[in-house]
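Protein chains in written order, with this note's numbering: chain A, 1035 to 1405; chain B, 25 to 338.
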């Protein structure tokens, strides 16, 4: 039995179904990230766990106990909001202690708890300030302090980093990960940022239109996406999804990528997934991540399924740590990730190595993975 | 001569035009301000003059021998109808009416605004539209229905008096006026608070719910402490309206020693015992106007700030 179980959860507003049967579970001490584009229902799902929204159908259980009919304050949860939601009329200490005050915890105990949390988050010198006197990062800390002080069974984070600037966001991300590692709390975290999802999560639920598209560990989601949406959404730059044709040439299958005004590229696929043979002479979507499409020197030498083909480079983007090259395959711009010092010129042809062991295939009709 | 004027000349003529514009604008503003302040000035200087000076001197001139006698007379001796006990009793009548009416209508308006924005229910827009409609009902049209209701309340008060020995204030003229002003003010106070709370971050309420605060705890600990600008606006608006109200006051408490200030002032001015004592009348009028003036001066800067707040989100 998992620590948090969400079972067949549905949420309707009138006739509109916002959540269409969510099934997710999380072990104790786990870090579940709900990720998806805006409007996918991830924040609604978090609010239903918090009890701020009612559910229409299904059940939410914590440690085997159904909590979906309990008032938010009775669920033993703490929540960090996107806007931090610090009470502007109270000091930092007052904000952190408000929940305890509402539950009638004696003043001395409250003070001890405030001091403990202030020490963990290093906000001791801010305790007497008002939220308006704090910077964004400090407010973020106070908001986390307010959640931490309750020592709840479950932490809920609603896009906590999206109001911070880029550098601070990375710092706070590490901070949250460290906090999770040291306190061992169970966290449900909502974000639209797939990098946050990848770096923080032990489990990711990728959502779209009120449905979980895929639920698994970050590695599963990244390497084995179940459909085109997940493949496209996770990873930056996104996975290249190239229209291709499957050809059978005697012994095995091969992938044919059309090119404008050039010979098509034919990549032999000795380790093709079993399902692919059904697509002989048919169109598929060939998915390859930028890091699996690189210069031959940078490719894994011992990779069993490396195929090299000359490609016409249209744009070169040096990013410092890597160089991204854009070529055109199957009528789409395709990004390759090369070493930073790769010698490459736009407008020339250069050999690129396809790591076919990392390639995935999708059915263009159903958008599902071909296994 | 060249058709191109030199940039320097252009700049200087531009400056010249700007100065003239400024003079015209500020001149007009000063003129209107003087025009608007003139009655107040005349009232103030007249109230400090003796009757001789009023009859023989210039209306706009400052008093030669300032005297507080008219003010003293207005406060404690002037006749309203046949009773000559000054304005002080009526002044307190007004205070006793205006303070509870303002407090109750402001508090209820805040509560309404809180529910209409943060605890939405089916049909909340309709309820708000109807409350808004209350702002546009002319005073005169509710005079008779309200009189009927107040009459019923009065009779109910008598019943209670007979049953329990206490009428709970029902039938009392001041209580009646408080009731009328609270009911009539609710539309406005609800409008003010609803618009203010519309921009109030809902996440704060959610956070307080997770923290375990109840409906009224959230209202008292989170909403009210963060509503100072709109509270000030509402209090000024309600205080001015209720204090200055003449129609309801004369209709429901128009005679005897329950009259509010406005009705009493009218009676004072209409009472003629030979010569009209302009200085006393002016002093009485100043006394009647003073509380609203004080409220504006003390809280006026919040008034402007409050009207701006909520206009722009964030």
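Heads up, the beta-carbon is just placed ideally off N, CA and C, and yes, glycines get one too.
The three-state reading of DSSP puts residue 159 of chain B in helix, counting H, G and I together.
By the Cβ rule, the stretch 209-225 of chain B does not count as touching the stretch 235-244 of chain B, because fewer than three pairs are nearer than 8 Å. The stretch 1279-1343 of chain A is shown to contain no whole alpha helix (DSSP H) run of 4 or more residues. Burial check for residue 86 of chain B: the Cβ neighbour count within 10 Å stays below 16, so the residue is exposed.
Of all residues in the stretch 236-268 of chain B, those with a C-beta nearer than 7 Å to a C-beta of chain A are 236, 237, 241, 246, 249 and 250, reading in chain order. Per DSSP, the beta bridge partners of residue 1221 of chain A are A/1065 and A/1189.
Contact between residue 1317 of chain A and residue 1279 of chain A holds, with the beta-carbon distance rounding to 6 Å and staying under 8 Å. Boundaries for residue 139 of chain B: no beta strand (DSSP E) harbours it, while the alpha helix (DSSP H) harbouring it runs 112-142, taken from the DSSP string.
The C-beta of residue 146 of chain B has fewer than 16 other C-beta atoms within 10 Å across all chains shown, which makes the residue exposed. For residue 1385 of chain A, the uninterrupted beta strand (DSSP E) segment begins and ends at 1383-1389.
The beta-carbon of residue 185 of chain B is placed no less than 9 Å from the nearest beta-carbon of chain A.
Along the stretch 1132-1153 of chain A, the positions whose C-beta sits under 9 Å from a C-beta of chain B are 1132, 1133, 1134, 1135, 1136 and 1137, read in chain order. Using a CB distance cut-off of 9 Å, residue 225 of chain B counts as an interface residue toward chain A. When the Cα atoms are used, residue 50 of chain B and residue 43 of chain B turn out to be separated by approximately 11 Å. For the pair residue 156 of chain B and residue 123 of chain B, the Cα-to-Cα distance works out to about 24 Å. At least one CB atom of chain A sits nearer than 9 Å to the CB of residue 231 of chain B. Taking CB atoms only, residue 1309 of chain A has no neighbour in chain B less than 9 Å away. In the DSSP assignment, residue 1094 of chain A forms a beta bridge with A/1040. Interface with chain A (9 Å Cβ-Cβ cutoff): residue 234 of chain B is included. Under the 10 Å beta carbon count, residue 1238 of chain A is surrounded by 16 or more other beta carbons and is classified as buried. The beta carbon of residue 1290 of chain A is closer than 7 Å to those of 1278, 1279, 1281, 1298 and 1300 in its chain, skipping five residues each way along the sequence. Residues 316 of the same chain have their beta carbon placed closer than 6 Å to that of residue 264 of chain B, with the five preceding and five following residues left out of the count. DSSP places residue 1346 of chain A within a strand segment (E or B) once states are collapsed to three. Of all residues in the stretch 199-229 of chain B, the ones placed with a Cβ closer than 8 Å to any Cβ belonging to chain A are 225, 227 and 228, in chain order.
Under the 10 Å beta carbon count, residue 1190 of chain A is surrounded by 16 or more other beta carbons and is classified as buried. When the Cα atoms are used, residue 93 of chain B and residue 120 of chain B turn out to be separated by approximately 27 Å.
Neighbours of residue 1123 of chain A across chain B, judged by C-beta separation under 7 Å: 249 and 250. Contact between residue 1038 of chain A and residue 1114 of chain A is absent: CB atoms are separated by about 17 Å, not below the 8 Å threshold. Taken through DSSP and simplified to helix, strand or coil, residue 1235 of chain A comes out as coil. If one requires a minimum length of 3 residues, no beta strand (DSSP E) run lies completely within the stretch 221-302 of chain B. Taking one beta carbon from each stretch, the stretch 1209-1228 of chain A and the stretch 1138-1150 of chain A have fewer than 3 pairs nearer than 8 Å; the two do not touch. For a cut-off of 8 Å, the C-beta gap from residue 309 of chain B to residue 289 of chain B is around 6 Å, short enough to register as a contact. In the assembly as shown, residue 1048 of chain A is an exposed residue. Its beta-carbon has fewer than 16 other beta-carbons within 10 Å. Taking a cut-off of 8 Å for Cβ pairs, the stretch 1126-1136 of chain A and the stretch 1200-1215 of chain A do not touch, as fewer than three such pairs fall below it. Chain B places no beta carbon closer than 9 Å to that of residue 1174 of chain A, leaving this residue out of the contacts. Between residue 1388 of chain A and residue 1343 of chain A, the C-beta spacing is below 9 Å.
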